[in-house]
Every structure is written in structure tokens, then in C-alpha cells.
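In the working numbering, the protein residues as written are 544 to 1153.
Cβ atoms here follow ideal geometry from the backbone N, Cα and C, with glycine treated the same way.
Comments concern the structure below.
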DNA sequence: GTAGGGTTAG
């Protein structure tokens, strides 16, 4: 007989999760459904159960309502979750907790805090679940001060007996940068009872703070290690690109699981060792969706299109059902390396499977089309979207700007505002880029100054970079230099490089020399800078200085890596560099170039040789 | 509460 577990007076446990939607007739059956409700991710089914709950007058039951809120939150139906909450006259702490979490899950962090304040105002006392949920709302949006405030509150009310509470505090501190990590360490030191999660959170925090050595020390000191401890340490080495140490640890590791193997595969793909990655991938005792995703994206990111497509087909044939993460990952990898063929392949299988595209998936698709040169397709996908978010607008604006259709990009900027979206710092990168490509210098400068004035966005160094590029390409080098000299932050190598790029277009020799002094000081071995400088001198006919720079390059022992072009032809990628003769059809290719050259000159093509 | 893939810029 199945052993019954202790449970609430109302809901018995259930062994299997909710599956196909079926009409439940008895109250007993409904109770069974409700007990698993918080795991339900099927929206139509959820709505059906909601209706039955309502009919049975259980919607304000103190046990049912929090589960409903959690379920609707999981299905990204925050509106409905809030409505469910509002149906309850006297919400208890569980219901408040689930609404706080619902807001965080649906990216409404500030509303999570508002809910917490409402809760206090209404005299409902927080419990040991409230704080971990509230701390989650701090991640990514709030500062250290916020976590400190919650910490203080927790001390006042005293929930530290539950190990979940200090553990989640350690984690939150660690996600607030290096200072946060030291606060976490202080807390960790004074904790009386630490469990393996406390140790793991601390090791993970040290790794995130870049303190790999100290993390290893703590890992070695741990009284007990579980599979998460090992995997955390493994990932630390992987993220630091130290594959030797990672492999060493991996070999020693007891009880490796699918995450351990995937971490290693991911590490080797990122290090560019696709052979080793594939070797481990093939040896994996168990593969899941994430492992496949890592290997396929790894191939795609590095331009191994045949292998990527082949493995993608294999994954589909193995019967695994793709999720958002898989599709977004692969599309992002295609976008990065311009693998349109795989991107198209992914899309066609999405269509064939009737995959319901979330906004994030569609955004990734738009970005893939745009970065692979199909701006029209990107625009068509964007226009067909039923629900757009800020990322959708930013992606299409950036895509259009990159391809020189700055006019459409700027038009969409206005439409975006009409649709009620507030531009953010990324939007302005796209807008400034659009103006640069169109040569709208004054208009771009106007947008730059409107950022802080009209939108309360303080320009960052990237925005200054865009402004310098805008002025520089527009030939207003003096103003560009003034921006560099007067901007509120120290100019970095990218800023000076941008200015140098402008010099390359307009040949002001003196300025170029000035810029270069800064650049060489910052990054003396950067061959690209030196070779660009030598080109500027060459264009000005200053051969003595050309020789000086060349000599400097030789002395430092740098050589500018050749630029390459890649072509994707019927799913096969061909790579070319200048004076390259490694391609099997090299002779034919050069013959064709000779044939094409005079024809290209006719409409006015003049290759730039400097 | 701790571990592997995940959309926009740089």
C-alpha cells in the first residue's frame, strides 16, 4: 500500500504530475489536481482547473490560492496571478510570499518590494520563506545596500534558525560584486551551523568574484563535498579557461553527473578545442537537452557548420523535445558566426513542431536574421510578433542600424515610444549607431544629449564611444577629441581606437600621432593599432614615420593577424585570407577575381588599399 | 538556498 505522508488537512499528496487536460467531476479529484498545481506549466489546463476551483468556491482557500498564484506565475501570467491574489479578502503570509515570488519571476522586482511593504502595512508578519523570496528580487536589479537592508530586517525579526535564510543571504551578497562577496564571507564566518549549501554558496561566490585560488582553498577545507561542490569548482576553472586544472579535478571527481560532463564539454568548446569537447560528449554516460545544446552551439559558434547541422539532426532524431533555452542558444551561436544555414534549419523544425515561440525565442530569431544579413526577414519576423518587449525593439533597431537602414531604425524608435516603451541604454547604442551610418551628426549629438535630459539615462563609456565615432566619421575630429578630453570617465583603449579609426578616414596626421601615443601606452603590443597608424602615415606620404612604426612593430615582435572572410555556400563554410591559396579551387577563384575586377570598377568600386 | 546551455550593446 502507498504510504500516506503528513499533509495539510485539505490536500493529500499525489504521485504523478498533471498531464492531459481532463474534466474532473469529484471534489476528491479536484483536491488531487490542486496538490500538484504549482508544477503545472500548461496554461489551458491551468485555466480549466482554475475555473473548477472557482466553481467549487475554493479560490480563497488559504491553501489553494497561493498554489494558484504560483502556477499562473510559472506560466508568465502575472496579471491573472494578481487577480487571484486580489480575490482573497485576508491574504495570509503564504499568499503574500507567492505574490512576491511571482513578481520576481516575471521581472517585476520593484513590485516584489511593494508587495512586501503592503504585507507589513496590513499587519501580516513575514516568515522564513519571505526573505529568501525577497532576496531573489535583489539579484541583478538592486545594490548591495538593498541586501544589507533586508539583512538588517532579518536580524531584527530573527529567522536565522532556518539555514535557508542565511544561505540565501550569502548567495545574494555574492551576487552584488566583490564587496558583496566579502560581506558574505563575514556572515559565513559567524554562522554557527553551516551546511554543505552554505559552503557551496561561498565557493561559488568567491569564483564569481574572481577569487579562484581562495575558492579552491575553501573547497579543500570543506568538511563534506557533494556533487554540487565539485561541479561548482569545476565550472570555476572552466570559466577561468584553465582547462588543465578543470580536467585534473574532473578526473579525481567521484560520482560525476550529467552537469559535470556538460561543464567540461562547454569548457572545451569555449577554449576552441572542439575535438576534445566532442570526445567527451561522445563518452558521456547520459546526455540531456543541455549537453546537446552545448555541443551544437559550440560547433555553431566556431563556424563548424556541417558538424553543427549533423548533430542538430541527430538530436532531433533522438526524440528530445526542444525548449526555449536550446533554441535561443543555438540561434545566438548562429548569429555570432553568421551561420544562416543552421539558423534556417532550426526555424524550419520549430515550424514543423508547431513550437510556440516565446518573446525571447523570437527576439533571438530576429537577431540571428539581422546578424546573418537578412534584415528584411528580421523585420518581417518583428512585424509579425504579437507581443514585443524592449529587447525586441532594441534588437530590430540595432539590426537595421548595422545594415545602414538608419532611417527605418529611427522611425521604429518613434513607434517604440508610441507603443509605450521607455528606451534604455541599449536602445541609445542602436540609435547613435543609426545616426553614424546615416551621417546624421547633429541629430545624433541631439539624441546623445537627450539621454540624460529626457530619459534620465546617464551615458556610459560605450555611449561616449558612439558619440566619438559619430563625430569622427563625420569629419568633426576636433569635437571628437574634445569629447575624449572632457568625458567624465578615463578614456579606454576602445575610445582611443575609435578616434584612431576616424583619423584613418580623414588623415589628420598630428591628431593620429597624439591618439597613438595614448593607445600604445595602454596596449603597446596591439598590432592593429600600430598597423593602422602606419597606414595613416602612408596615406599622408610620410614615409619616414611609416618606417618608424614598422620598425617598432618588428622590435616588439608583433604582427597583425590577417583578416579573414568566410562564405557559407550550400551549408559549407569556406574561409579566405589575403594571398591565400589553400582552398582546393584556389586557381579557379583567382581567375574569376581577375575576370570580375574590371567589371567591378565600372560602377565605381575602388578598393581601399591602406 | 548551491552546479551545466539561454534574446538586445560593449
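Fully enclosed beta strand (DSSP E) runs of no fewer than 3 residues are not present anywhere in the segment 1021–1059.
Collapsing the DSSP output to three states places residue 630 in coil.
Setting aside the 5 residues that flank it on each side, residue 740 is surrounded in the same chain by 710, each with a C-beta closer than 7 Å to its C-beta; the list follows chain order.
With respect to residue 977, residue 1015 sits apart: the two C-beta atoms are not nearer than 7 Å. Of the other Cβ atoms in all chains shown, fewer than 16 fall within 10 Å of the Cβ of residue 794; this residue is therefore exposed. One alpha carbon belongs to residue 750, the other to residue 728, and they sit about 13 Å apart. Taking C-beta atoms under 8 Å as the contact rule, residue 871 and residue 903 qualify, at a distance of about 6 Å. Rounded to the nearest whole angstrom, the CA to CA distance from residue 1078 to residue 1042 is 15 Å. In this structure, residue 623 keeps its C-beta atom at 7 Å or more from the C-beta atom of residue 676. Here residue 731 carries a helix assignment [DSSP, helix/strand/coil]. Secondary structure at residue 803: helix, using DSSP grouped into helix, strand and coil.
Distance between residue 931 and residue 1020, taken at the CA atoms: about 39 Å. Burial is judged here by how many other beta carbons sit within 10 angstroms of a residue's own beta carbon; residue 844 has at least 16 and is buried. Along the segment 671–708, the beta strand (DSSP E) does not occur as any fully enclosed run of 3 or more residues. Judged by DSSP in its simplified three-state form, residue 983 adopts coil rather than helix or strand.
The Cβ atoms of residue 788 and residue 743 lie no closer than 7 Å to each other. Of the residues assessed, residue 1034 falls on the buried side of the cut-off, its CB having 16 or more other CB atoms within 10 angstroms. Within a 10 Å sphere around the beta-carbon of residue 1135 sit fewer than 16 other beta-carbons, which makes this residue exposed. Annotation for residue 837: the continuous alpha helix (DSSP H) segment containing it runs 832–844. Per DSSP, reduced to three states, the secondary structure at residue 718 is coil, with no helix or strand assignment. Around residue 934, the same chain offers 902, 903 and 906 as residues with beta carbons nearer than 8 Å, after the five sequence neighbours per side are excluded.
Distance from the CA of residue 898 to the CA of residue 578, rounded to the nearest whole angstrom, comes to 29 Å. Contact check for residue 719 against residue 687 passes: the beta carbons are separated by less than 7 Å. Rounded to the nearest whole angstrom, the CA to CA distance from residue 1131 to residue 915 is 27 Å. Put simply, the segment 958–966 does not touch the segment 981–992. Fewer than three CB pairs are less than 8 Å apart.
Selection 1032, 868, 1025 and 783 evaluated against residue 1001 yields 1032 as nearest (Cα-Cα). DSSP assignment within the segment 909–993 yields the following whole alpha helix (DSSP H) runs of 4 residues or more, N-terminal first: 918–926, 933–945, 949–961 and 968–981. The C-beta of residue 821 has 16 or more other C-beta atoms within 10 Å across all chains shown, which makes the residue buried. Taking residue 878 as the centre and dropping the five residues before and after it, the same chain places the C-beta of 910, 911 and 914 closer than 6 Å to its C-beta, in chain order.
For the pair residue 869 and residue 836, the CB atoms are nearer than the 7 Å cut-off.
By alpha-carbon distance to residue 673, the top candidate from 645, 650, 651 and 882 is 645. DSSP, reduced to helix, strand and coil, places residue 1016 within a helical segment of the structure shown.
Judged by DSSP secondary structure, residue 783 falls outside any alpha helix (DSSP H); it is assigned neither H nor E. Cβ contact annotation for residue 834 (same chain, cutoff 8 Å, sequence separation greater than five): 801, 804, 805, 808, 824 and 827, in chain order. When the Cα atoms are used, residue 876 and residue 908 turn out to be separated by approximately 11 Å.
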